[in-house]
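What follows is a single structure, written as structure tokens, with notes after it.
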Amino acid sequence: MRKSRANGSRCAGKHLSKGGEMTFSYDFNKADWMAFSEYYLRHSALHRRWRFWSRFGFVPVAILFLLGGFLDPQKDLGWVISFGIVGVVFFFAYPRVYDHQALTRVRKDIENPENAKAIGRQTMTLLPECIRVCGPGAESTVSWDRIVKVVGTEDHLFVHLSAAAAIVIPRLSLQGASFEEVKARFEQQVGETTPAG
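Structure representation (structure tokens):
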């Protein structure tokens, strides 16, 4: 990210100006960040894979305890049955626990003072060759070919720069252009918007 220039920045300009430029602004807040994180966790193949396979780490331990209990007839089998029930509950409940832990980490990241500069009023200019985003104290430029995909939900556009990173454009605080105009411009440059499913 480059430091924002003063009033000479291209971030300042007319909305929907000539020459193929489109300028609009929006407020990016913690709820928008959380919305993208929840979307990512629901749709990430890596997260789903970890979520599925991590619960199997408990299975070998459970099998050893169960076998140990059944092989030694002198032991009380009540604890073995209890341990088996706990193992089954863990196996089916762990994906929810894993999701909760992931969202807790995201909330910590959002509350981190280092990330406060990402929150606030953003001005985006869509140019024929790139996107320019100006936020509190920073300006960045992204070429169109760096955009992996654009995902549209009812409330947001997620402009993916990678599988786990995106520019989030919220519908509610959008000013200077309608949500449909912004979506249409991204579709014109990048291709069809992927619906969030």
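Residue numbers (my numbering): 10 to 206. Heads up, the beta-carbon is just placed ideally off N, CA and C, and yes, glycines get one too.
Counted as a single uninterrupted DSSP element, the stretch harbouring arginine 51 is not any beta strand (DSSP E) but the alpha helix (DSSP H) occupying residues 39-52.
When Glu189, Ala172 and Ser171 are compared, the shortest CA-CA separation from proline 179 is found for Glu189.
Distance from the Cα of arginine 114 is smallest, within the candidate group Val199, Phe195, Leu50 and Gly146, for Leu50. Rounded to whole angstroms, the separation of the alpha carbons of tyrosine 103 and tyrosine 48 is 20 angstroms. With a threshold of 16 other beta carbon atoms within 10 Å, arginine 57 falls short and is exposed.
Taking aspartate 36 as reference, the option from Trp62, Phe61, Val98 and Met133 with the minimal CA-CA separation is Met133.
Contact between arginine 141 and glutamate 148 holds: CB atoms are separated by about 7 angstroms, below the 8 angstroms threshold. Arginine 58 carries a helical assignment under DSSP once its states are collapsed to helix, strand and coil.
Under a 10 Å Cβ-count criterion, valine 106 is classified as exposed, with fewer than 16 other Cβ atoms of the shown protein chains found around its own Cβ.
Residue Lys117 holds the alpha-carbon nearest to the alpha-carbon of serine 46 among Val191, Lys117 and Val199. In summary, valine 98 is exposed, with fewer than 16 beta-carbon neighbours lying within 10 Å of its beta-carbon over all protein chains present.
In this structure, arginine 64 lies away from phenylalanine 92, with their beta-carbon atoms at least 7 angstroms apart. For phenylalanine 167, the enclosing beta strand (DSSP E) has its first and last residue at 165-169. If you look at glutamate 189, you'll find it in the alpha helix (DSSP H) that goes 188-199.
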